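S.K.: Got a structure for you, questions after.
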Amino acid sequence: MMKPLSRRKAAPDYFLLGLSLILLVFGWVMLYSASAIMADKQYADPLFYLKRQGLFSLAGLGLMALFSRIPYGRLREWVWPLLALTLMVLVAVLFTSPIAGVKRWIRIGPFGLQPAEFAKLTMVLFLADYLDRKRSKVSNFTQGMIVPWAVVGLLLGLISLQPDLGTPALLFGVGLLVLFVGGTRFHHLAVVGLAAMPVLLYELLRLPYRRARLMTFLHPFNDAGGTGYQLVQSLLAVGAGGWAGQGLGASKIKLMYLPAPHTDFIFPVLCEELGLLGAVAVLCLFTALLLRGIRIARGAPDLFGMLLASGLTFLICLQAFFNIAMSIGLMPTKGLPLPFFSYGGSSLLVTLAAMGILLNISRHRVLPASR
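Counting from 1 along the sequence shown, just add 3 to a position and that's the residue number in this note's numbering.
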């Protein structure tokens, strides 16, 4: 006889907590390996990037602990203030001085924060709240698609002006998945997806450097010393790793062959040093995170929790997939960090905050009632 269900609080998902800490420590090790030589040359301190990442890790772990304790239902009270604040900061960043030709950072003392990273959390929170409140109307095209995409589209449009195409593409994919889980009709999603294709094509061809990236993706070895240099070096590093790698710290791609191997292209460094076995280990860790996140979503006691857990899981895992696919030539190169691994304070803060919310939802999962 099936036991009745209750909504008493459970312990947090320790498996997910363990995964988070393993990924974080693994990320520290690979970040140090990828950045030490560059940091020593630039700042005469091989630990420079690791120290800064460590500070953001401590702050992120604090956020993870905080969000794991605050009842996730209270986050709904913050949705509209957070949305308004996010929009204002995304507008403000457009008036900052460009760094490397783009306007993505707001300086706070010696650190820079990326508003687009925090917009990821805002979007997922908004969609989970909206779809829960409009659950009876999501099958309607206006209520289920036009209204939410009007808000999400505003976020994506502001991010694209920085300019940034990778983050809007990621958020568009996550948005479609959350809407699908929330009950939006598939043919409505297909219409939006098809309507977005001309916009994506226009954005890919609008700027010369994006056209060059697209041609590099299609034919990376045609200009291996020019536009294809970064991708070719990445592919060579992945191939050089073989089955077991050259050994931790033995990567050659990080010896100034890539301008920033500790950021978006940290995965090829990992492949060269740890080989196929290391790459598979990373893929297994993110696959386990995906499966655990889905399990937490399925056990959530309400629709808001289910959509929030699904969206955050999709956000982290899809970004990891995009980064890995980009670095091995399966997608055009975009500026998307590898969660837990790539150097970047804003990304790490958002990732650990998302893990805290997932742990919170896991504490409220439906449990069999005790006899």
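All C-beta atoms, glycine included, are put in the ideal place defined by N, C-alpha and C. Remember, predicted model here, so these are calculated numbers, not experimental data.
Bridge partners for G63 per DSSP, in chain order?
M.R.: Per DSSP, none; premise fails for G63.
S.K.: Would you decide whether Y205 is buried or exposed? Buried here means 16 or more other CB atoms lie within 10 Å of its CB.
M.R.: By the 10 Å Cβ count, Y205 comes out exposed.
S.K.: When DSSP labels each residue in this structure, what does F98 get in the three-state scheme?
M.R.: F98: coil per DSSP, three-state reduction.
S.K.: Helix or strand or just coil, what does DSSP make of A372?
M.R.: Unreliable placement is indicated for A372, whose pLDDT of 49 sits below 50; no coordinate value is reported for it.
S.K.: So, helix, strand or coil for V105, using DSSP?
M.R.: DSSP places V105 in strand when its eight states are reduced to three.
S.K.: Less than 6 Å between C-beta atoms, sequence neighbours within five positions excluded: which residues of the same chain meet that for L161?
M.R.: Only L93 meet the Cβ criterion.
S.K.: If we ignore side chains and look at the alpha-carbon of each, how far apart do P304 and A312 end up?
M.R.: Near 11 Å, if we compare the C-alpha coordinates of A312 and P304.
S.K.: Suppose the cutoff is 8 Å on Cβ atoms and the five residues either side in sequence are ignored; what does the same chain contact list for A13 look like?
M.R.: Cβ neighbours of A13 beyond the five flanking positions: S365, R366, H367, R368, L370.
S.K.: How long is the line joining the alpha carbons of G252 and V194, rounded to whole angstroms?
M.R.: Going by the C-alpha atoms only, they are around 48 Å apart.
S.K.: Please confirm whether V154 and P118 have their CB atoms less than 8 Å apart.
M.R.: In this structure, P118 does not lie closer than 8 Å to V154 by Cβ.
S.K.: Any contact between the segment 46 to 60 and the segment 283 to 294? By contact I mean 3 or more CB pairs, one from each, below 8 Å.
M.R.: At 8 Å Cβ cutoff, the stretches do not touch.
S.K.: Check G250 in the structure and name its three-state DSSP category.
M.R.: Coil at G250, not helix or strand.
S.K.: Run through DSSP, which three-state label would R188 get?
M.R.: Note: R188 maps to coil in three-state DSSP.
S.K.: How many whole angstroms separate the CB atoms of F224 and V241, which I take to be in contact at a CB cut-off of 8 Å?
M.R.: That pair is no contact at about 14 Å.
S.K.: Out of T145, L217, L173, which has the shortest C-alpha to C-alpha gap to H191?
M.R.: Out of T145, L217, L173, T145 has the C-alpha closest to the C-alpha of H191.
S.K.: Per DSSP, what kind of secondary structure is G115 in: helix, strand or coil?
M.R.: Of the three classes helix, strand and coil, the one that applies to G115 here is strand, per DSSP.
S.K.: Check the DSSP bridge columns for R110 and list the partner residues they point to.
M.R.: DSSP lists G115 as partners of R110.
S.K.: Please say whether V202 and V127 have beta carbons closer to each other than 8 Å?
M.R.: For V127 and V202, no; Cβs fall outside 8 Å.
S.K.: Work out the CA separation of G115 and F98 for me, nearest whole Å.
M.R.: The straight-line gap from Cα to Cα measures roughly 15 Å.
S.K.: Taking the alpha-carbon positions, what's the A243 to C274 distance?
M.R.: For A243 and C274, the distance between alpha carbons rounds to 8 Å.
S.K.: On the CB-based measure, 16 or more other CB atoms within 10 Å of its CB, does Y212 come out buried or exposed?
M.R.: So Y212 ends up on the exposed side.
S.K.: For L159, which residues from the same chain have a beta carbon less than 7 Å from its beta carbon, with the 5 sequence-adjacent residues on both sides left out?
M.R.: Closer than 7 Å at Cβ, skipping near neighbours: P171, L174, F175.
S.K.: Which residue wins for smallest C-alpha separation from R110, given the options I360, K123, G348, P49?
M.R.: Comparing Cα positions, the closest option is G348.
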